[in-house]
Amino acid sequence: MDYKLKKLSNGLRLLTVEIPGMESSTVTVWARVGSRVETKKIEGMSHFLEHMVFKGSKKRPSAKEIAVAVDVMGGKSNAATTKEWTCFYIKARNESLPMAFDVLSDMVMNPLLKEEDIEREKGVILEEMAMYEDTPMLKIGDLFENLVFTGNSLERDIIGTQESVKGVNRSDFVNFRKAHYGANNLLITVAGGFKREQILKLAEKYFGDLKKIKRGEIVKFKTNQKKPRVLLSSKKKDQAHFILGFLGNPLGSKDRFVELVLATLLGRGMSSRLFTEIREKRGLAYAVATSRENYLDTGYIRTYAGVDVKRVDEAIKVTLDEHYKLASGIKKISESELKKAKEYIKGHIALSLEDTEQVSLFFGIKEIILEKVETPEDVFKGIDKVSIDDVLRVAKKLFVPEKLNLAIIGPYKDQERFEKIIST
């Protein structure tokens, strides 16, 4: 893909990815700020602010006026918050890009943050929080990170707590924006069928006046884990949900492609090892999948499963055994299995990049966190270079008891029961 990275007159980075023949483009504003930089008092602020930019801006002082402006373009707007970044985007026809820049810049840079809107939105977020609590398939991921990142701000939930959400006020939002929304902490990405000269002029017009800020340092994660750990959330449910995972490598690790192949071999796709063993052979779960998560300074490989409450012990044992069998070489990796995993990864990446939103995500995440552009071609080459020996080397390094964590939601009271399973 043809990309260009430039800096505006104020130092703000502009990353454009031109896709000839595409009738639409996605304009995204990224901020290098997420829940891990928040203090306990304002937990959930990044996520709360994501909500508030849609409630009214300087040019369009109500949520309806913003919505109408996007609808008039026939466009789509949304936002996302993670532990390390926040993004806001509008996807629209190429002819509507001047209006998309106008609306998006106004929303992100000039939110009104009215007290009455803040108070009203607190109720919305508390209901969102309740939804997560009542949806184990969603909540289990938070529980796992609560366990894995104990003692670091990464352990906190992105949405915050009831206490922190209820306690924030307008001055908290204003101060938070001043601390994090500066030219040197933002990135603009545009992906689609635009004209590059037009985009540079629009970016300078709408974002060129932004000032730089003094960027703060994050508290890096350091683990003191020495043995397998379990975190049980006891809830009366008809199904048990668990994530079993191992601490891994950071976002820019040289082994990132090996980790991706490793996770795919284990539990991505209907012919993967865990899907075959847990669902097809034993009927233990409907949903089972392995994935990886990488942050600036750490990461993990994890497997999720939703299982019969009476067969959870067996499901955990089988999941763990498959990890250890791969790492030990007891269950060997064939060249055909390795090739299948590589093609699965490349195929899914290629399919996702048919959408300009996904193209913006693909390029934006690496650039906002690492200030490094990685193209699909770079990833494909990296995947192709992974060997069986590479997979075994990384598996042996990661799949060890002192990096093992297990989070469970289900109708159980005895956490020691699960500690014994993963410690034997």
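For what it's worth, the numbering used here labels the leading residue of the sequence shown as -2, then goes sequentially.
Heads up, the beta-carbon is just placed ideally off N, CA and C, and yes, glycines get one too.
query = In chain order, what residues of the same chain have a beta carbon less than 7 Å from the beta carbon of Ala347, not counting five sequence neighbours either side?
reply = Walking along the sequence shown from the start, residue 347 turns up at place 350. Excluding residues within five positions, none has a Cβ falling inside 7 Å.
task = Would you identify the three-state DSSP class for Phe173, choosing helix, strand or coil?
result = Counting from one through the sequence shown, the residue named residue 173 turns up at place 176. Three-state result, Phe173: helix.
key: DSSP three-state assignment for Arg29, whether helix, strand or coil   = Numbered from 1 along the sequence shown, position 32 holds the residue referred to as residue 29. Of the three classes helix, strand and coil, the one that applies to Arg29 here is coil, per DSSP.
ask   = How is Tyr0 classed by DSSP in three states: helix, strand or coil?
value = Your numbering for residue 0 matches position 3 in the sequence shown. Note: Tyr0 maps to strand in three-state DSSP.
key: Rounded Cβ spacing between Val67 and Asn149 (contact assumed at less than 8 Å)   = Within the sequence shown, residue 67 is the residue found at index 70, counting from 1. Within the sequence shown, residue 149 is the residue found at index 152, counting from 1. That belief does not hold up - the Cβ atoms of Val67 and Asn149 are roughly 37 Å apart, past 8 Å.
message = Suppose the cutoff is 6 Å on Cβ atoms and the five residues either side in sequence are ignored; what does the same chain contact list for Leu395 look like?
response = Taking the first residue of the sequence shown as position 1, residue 395 is located at position 398. So the list reads Phe243 and Gly245, once near-sequence residues are dropped.
request  = Measure the CB-CB distance between Leu358 and Ala180 and report whether it falls below 8 Å.
outcome  = Within the sequence shown, numbered from 1, the residue matching residue 358 stands at position 361. Within the sequence shown, numbered from 1, the residue matching residue 180 stands at position 183. Here Leu358 is not near Ala180, since their CB atoms are 8 Å or more apart.
request  = Please report the Cβ distance between Gly444 and Asn75, rounded to the nearest whole angstrom; I am assuming they are in contact, meaning their Cβ atoms lie under 8 Å.
outcome  = This structure gives no information on residue 444, because the portion of the chain shown stretches from -2 to 421.
Span separating the alpha-carbon of Leu317 from that of Ala302 = Along the sequence shown, read from residue 1 onward, the residue named residue 317 stands at position 320. Along the sequence shown, read from residue 1 onward, the residue named residue 302 stands at position 305. Those two C-alpha atoms are separated by around 12 Å.
ask   = At what residues does the beta strand (DSSP E) containing Ile405 begin and finish?
value = Translated into positions along the sequence shown, residue 405 becomes position 408. Its beta strand (DSSP E) spans residues Leu401 to Gly407.
message = Considering only DSSP beta bridges, list what Gln236 is partnered with.
response = As a working mapping, residue 236 is identified with position 239 in the sequence shown. In the DSSP assignment, Gln236 forms a beta bridge with Asp305.
message = If I measure Cβ to Cβ from Phe146 and keep anything under 7 Å in the same chain, skipping five residues before and after, which residues do I get?
response = Here residue 146 refers to the residue found at position 149 of the sequence shown. These residues qualify, in order along the chain: Glu152 and Phe218.
inquiry  = Give me, in chain order, the residues of the same chain whose beta-carbon lies closer than 8 Å to that of Lys233; leave out the 5 immediate sequence neighbours on both sides.
reply    = Residue 233 sits at position 236 when you count from the first residue of the sequence shown. Taking C-beta separations shorter than 8 Å and ignoring five residues to either side along the sequence, the partners of Lys233 in its chain run Pro408, following chain order.
ask   = Which term fits His44, buried or exposed, when burial requires 16 or more other beta carbons within 10 angstroms of its beta carbon?
value = Here residue 44 corresponds to residue number 47 of the sequence shown, with the count starting at 1. Result: buried.
task = Could you tell me which of Arg308, Leu262, Met49 and Lys224 sits nearest to Thr300, measuring between CA atoms?
result = By 1-based counting over the sequence shown, the position of residue 300 is 303. Of the listed residues, the one whose Cα sits closest to Thr300 is Leu262.
task = Decide yes or no for the touch test of the stretch 163 to 173 against the stretch 50 to 70: beta carbon pairs closer than 8 Å, at least 3 of them.
result = Short answer: they don't touch.
request  = Leaving out five residues on either side along the sequence, give the residues of the same chain with a beta carbon under 7 Å from the beta carbon of Ser59.
outcome  = In the sequence shown, residue 59 corresponds to position 62, counting from 1. Once the five neighbours on either side are set aside, the close Cβ partners of Ser59 are Gly53.
message = Once DSSP output is grouped into helix, strand and coil, what is the label at Val24?
response = As a working note, residue 24 is residue 27 in the sequence shown. Note: Val24 maps to strand in three-state DSSP.
request  = With Leu9 as the anchor, note down where its alpha helix (DSSP H) starts and where it stops.
outcome  = Taking the sequence shown and counting its residues from 1, the one referred to as residue 9 is at position 12. Counting along the chain, Leu9 sits inside no alpha helix (DSSP H), nor does DSSP assign it H or E at all.
query = Exposed or buried, what is Tyr283 when buried is set at 16 or more other beta-carbons lying within 10 Å of its beta-carbon?
reply = In the sequence shown, residue 283 corresponds to position 286, counting from 1. By the 10 Å Cβ count, Tyr283 comes out exposed.
query = So which of Asp99, Phe51 and Ala64 has the shortest CA-CA distance to Ala77?
reply = For this step, residue 77 is matched to residue 80 along the sequence shown. Among Asp99, Phe51 and Ala64, the Cα nearest to that of Ala77 is on Phe51.
ask   = For Lys88, which three-state DSSP category applies?
value = Mapped onto the sequence shown, residue 88 falls at position 91. DSSP places Lys88 in strand when its eight states are reduced to three.
inquiry  = Please state whether the Cβ-Cβ distance between Ala286 and Asn182 is less than 8 Å.
reply    = In the sequence shown, residue 286 corresponds to position 289, counting from 1. In the sequence shown, residue 182 corresponds to position 185, counting from 1. When the beta-carbon positions are compared, Ala286 and Asn182 stay at least 8 Å from each other.
request  = Sort out for me which residues DSSP pairs Val397 with in a bridge.
outcome  = Reading the sequence shown from its first residue, position 400 is the one you call residue 397. Looking at the DSSP output, Val397 bridges to nothing.
key: For Tyr129, the first and last residue of its enclosing alpha helix (DSSP H)   = Reading the sequence shown from its first residue, position 132 is the one you call residue 129. Its alpha helix (DSSP H) spans residues Glu112 to Glu130.
inquiry  = Does the structure place the stretch 260 to 275 close enough to the stretch 319 to 337 that three or more beta carbon pairs sit under 8 Å?
reply    = With a cut-off of 8 Å on Cβ pairs, the stretch 319 to 337 is in contact with the stretch 260 to 275, counting three or more such pairs.
message = Considering just the uninterrupted stretch of the alpha helix (DSSP H) at Val255, what are its terminal residues?
response = By one-based count along the sequence shown, residue 255 stands at place 258. Here the alpha helix (DSSP H) through Val255 covers Arg253 to Gly264.
key: Run of the alpha helix (DSSP H) containing Arg426, from where it starts to where it stops   = What the structure shows of the chain is the stretch from -2 to 421, and residue 426 is not part of that stretch, so it cannot be assessed.
key: CB-CB length for Ser22 against Phe204, believed under 8 Å   = Your numbering for residue 22 matches position 25 in the sequence shown. Your numbering for residue 204 matches position 207 in the sequence shown. Approximately 16 Å separates the beta-carbon atoms of Ser22 and Phe204; this is outside 8 Å, ruling out the contact.
key: Buried or exposed by the 16-neighbour rule on C-beta atoms within 10 Å, applied to Pro17   = Residue mapping note: residue 17 aligns to position 20 of the sequence shown, counting from 1. Label assigned to Pro17: exposed.
query = Does the distance from the C-beta atom of Leu197 to that of Lys3 stay below 8 Å?
reply = Reading the sequence shown from its first residue, position 200 is the one you call residue 197. Reading the sequence shown from its first residue, position 6 is the one you call residue 3. At the C-beta level, Leu197 and Lys3 come within 8 Å of one another.
task = Leaving aside the five residues before and after Leu144 along the sequence, list all residues of the same chain whose C-beta is less than 7 Å from its C-beta, in chain order.
result = As a first step, residue 144 is located in the sequence shown; it is residue number 147 there, counting from the start. Only residues of its own chain outside the window of five on either side were considered, and among them Arg226, Leu228, Asn402 and Ala404 have a CB closer than 7 Å to the CB of Leu144, listed in chain order.
ask   = Between Lys343, Leu335, Lys136 and Val356, which lies nearest to Asp387 when the distance is taken from Cα to Cα?
value = Position 390 of the sequence shown, counted from the start, is the residue given in the question as residue 387. The shortest C-alpha to C-alpha distance from Asp387 to any of Lys343, Leu335, Lys136 and Val356 is the one to Leu335.
ask   = Can you list, in chain order, the residues of its chain whose CB lies under 7 Å from that of Arg212, leaving out five sequence neighbours each side?
value = Within the sequence shown, residue 212 is the residue found at index 215, counting from 1. Apart from sequence neighbours up to five positions away, the residues of its chain that approach Arg212 with a beta-carbon distance below 7 Å are Asn181 and Asn182, ordered along the chain.
request  = Put Glu166 into one of helix, strand or coil per three-state DSSP.
outcome  = One-based indexing of the sequence shown puts residue 166 at position 169. Before going on, a small fix: residue 166 reads as Asn here, not Glu. In this structure, Asn166 counts as coil in the three-state DSSP scheme.
inquiry  = What residue range does the beta strand (DSSP E) around Tyr283 cover?
reply    = In the sequence shown, residue 283 corresponds to position 286, counting from 1. Ala282 to Asn291 is the extent of the beta strand (DSSP E) around Tyr283.
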